[in-house]
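Below: the structure, in structure tokens.
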Amino acid sequence: MAKKWLKIVYTEKNPAKLKLHYKSWAKEYDKDLTDWGYAYPKRLKDIILSKKIKISKKANILDAGCGTGLVAEELSKLDYKNLTGLDNSKEMLELAKSKKIFKKLVCQSLNKKTTLKSNQFDLIICTGVLTAGHVGPGAIKELLRVTKKNGYLILSISETIFKKLGFDTELANRSNEYTPLYISRPFLALPRHNSSAKNKIYILRKS
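Per the numbering used here, numbering through the sequence shown is continuous, rising by one, with the last residue being 207.
In structure tokens, the structure reads:
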């Protein structure tokens with residue numbers, strides 16, 4: 001069943017059913033992604049250590065679509081402690097909570113305006129979320145809203161839906177709200193899984 005989960009969650013168009021899929025997958029999620037070579041934790045670590053962005057250890061950081069906290073764990077290891085996690089799956093957040101790396105966890109969808117206050121985060125990470133069946137381009141407006149002026153956003157966007165779902169248009173329409181700092185080459189988020197999509201990482205700085 002493990003191999004099928006990726007196809008199931010990325011082809012599901014019903015948000016309620018998607019939540020049920022993640023509820024069923026939650027306990028095996030970390031193991032499966034690790035087995036499939038989940039690329040985002042290392043890529044985030046490399047970005048931080050390469051000093052492509054300048055973030056203090058006291059920075060207020062949001063992991064938007066944090067899941068079980070696999071990516072945020074890398075930040076915690078680098079001694080970033082002021083972490084907030086947001087995800088639409090209660091079961092995923094329960095596992096994230098058990099890791100004791102987040103100061104706050106919020107169960108909400110990025111497809112709607114959240115209850116998070118505007119202009120509060122120094123850094124927002126949103127990886128593996130802006131993709132088929134999950135979160136659409138409208139989330140970019142919301143992520144920019146909650147980022148501080150001169151704060152950073154690290155976003156991964158699936159290549160297969162970048163133009164198809166209008167991420168290119170949304171980024172172009174909001175180009176006066178941010179400065180693009182870096183765009184990665186396409187890479188497989190899960191290199192040991194035959195259904196993995198190619199993604200790019202975008203680093204933006206809010207104007």
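Yeah, the Cβ is synthetic: ideal placement off N, Cα and C, and Gly gets one too.
All values derive from a computational prediction rather than experimental measurement.
Practice prompt. Let me know the secondary structure DSSP gives Ser118 once reduced to three states.
Written response: coil
Worksheet item: Just checking my contact of Glu159 with Lys206 at CB under 8 Å: how many whole Å lie between their CB atoms?
Response: Rounded, the Cβ-Cβ distance is 24 Å, inconsistent with contact.
Practice prompt. Find the nearest neighbour of Gly151 within the set Leu130, Phe121, Glu170, judged by alpha-carbon distance.
Written response: Phe121
Worksheet item: Given that a residue counts as buried once 16 or more other Cβ atoms are within 10 Å of its Cβ, and exposed if not, what is Pro191?
Response: exposed
Discussion item. Here's the rule: buried if 16 or more other CB atoms are within 10 angstroms of the residue's CB, otherwise exposed. What is Ser98?
Written reply: exposed
Discussion item. If I follow the unbroken alpha helix (DSSP H) through Tyr80, where does it start and stop?
Written reply: Neither: Tyr80 is in no alpha helix (DSSP H) and is coded neither H nor E.
Practice prompt. For the alpha helix (DSSP H) containing Asn173, list its first residue and its last residue.
Written response: 167-173
Worksheet item: Is it the case that the Cβ atoms of Ala72 and Asp63 are separated by a distance below 8 Å?
Response: yes
Worksheet item: Just curious, the alpha helix (DSSP H) that Leu49 is in, first and last residue?
Response: 40-49
Fill in: Nearest to Leu44 (by Cα), restricted to the options Phe167, Glu74, Tyr182
Glu74
Worksheet item: Just reading off the alpha helix (DSSP H) that Ile161 is part of, what are its end residues?
Response: It is not in any alpha helix (DSSP H) - Ile161 carries neither H nor E in the DSSP assignment.
Fill in: For Ala96 and Arg174, the rounded distance between their alpha carbons
32 Å
Worksheet entry | Integer Cβ distance of Ile203 from Ile154, believed to fall under 8 Å | 6 Å
Worksheet item: In this structure, what does DSSP give as the bridge partners for Leu153?
Response: Ile124, Leu204
Worksheet item: Using CA coordinates, which residue listed in Gly128, Val135, Lys200, Ala139 is at the minimum distance from Leu33?
Response: Gly128
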